[in-house]
Amino acid sequence: MLLMLVALIISVEAGLLPKKRTVQITNALGANGDLVVHCKSKDDDLGDHVLHPGESFEFRFRQNIFGTTLFFCSFRWSREFHYYDVYRADRDGCSKCYWTVYFLGICFHDQNCYPWPVQSGRFINP
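Here this note's numbering is used: position 52 in the sequence shown is 52, and no number is missing along the way.
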């Protein structure tokens, strides 16, 4: 056990661990109101975060050594429910990944915008 701890400390000091990545999600819904963001990976559940218009939520992590890290988030507001993969190791090379949520879709660094997947949808109230 002590040997593993020493190896971990040496790895950190030598910079052998992957650098931390940051994902930031911003609510750009405007008059559509508050956004509830819930992000997860296979190992971590970051819980619900309520973002008022213009507010952001940010989290940091280290990519796994296998290059398979995935974080996905659900996005809820008024009667809308959508989800999106906000970090995929096989797709995203960013160390700081900025996402902006709009009514019609989600934008990466406010340049590449994607419509919500068709599996997303609306809440149905009886």
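C-beta: ideal position from N, C-alpha, C; glycine also.
Euclidean distance between Cα positions of residue 61 and residue 22: Translated into the one-based positions of the sequence shown, residue 61 becomes position 61. Translated into the one-based positions of the sequence shown, residue 22 becomes position 22. The straight-line gap from Cα to Cα measures roughly 7 Å.
Enclosing beta strand (DSSP E) for residue 26 [first to last residue]: Sequence index remark: in the sequence shown, residue 26 carries index 26 (1-based). Note, residue 26: beta strand (DSSP E), 20-27.
Limits of the beta strand (DSSP E) - the one that residue 69 falls within: For the purposes of this step, residue 69 is taken as the residue at position 69 of the sequence shown. Taken as a continuous stretch (DSSP letters only), residue 69 belongs to no beta strand (DSSP E), as it is neither H nor E.
Supposed contact pair residue 72 and residue 40 - C-beta distance, whole angstroms, cut 8 Å: As a working mapping, residue 40 is identified with position 40 in the sequence shown. As a working mapping, residue 72 is identified with position 72 in the sequence shown. About 6 Å; that satisfies the 8 Å criterion.
Element boundaries [beta strand (DSSP E), containing residue 38]: The residue labelled residue 38 in the question sits at position 38 within the sequence shown. First-last of the beta strand (DSSP E) with residue 38: 35-40.
Sequence-distant residues of its chain with Cβ nearer than 8 Å to residue 116 (five each side left out): If you number the sequence shown from 1, residue 116 lands on position 116. 82, 84, 104, 105, 106, listed in sequence order.
Buried or exposed by the 16-neighbour rule on C-beta atoms within 10 Å, applied to residue 8: Mapped onto the sequence shown, residue 8 falls at position 8. Low confidence applies to residue 8: its pLDDT is 49, below 50, so where it sits in the model is not reliable, and the reading given next is rough at best. With fewer than 16 other Cβ atoms inside 10 Å of its own Cβ, residue 8 counts as exposed.
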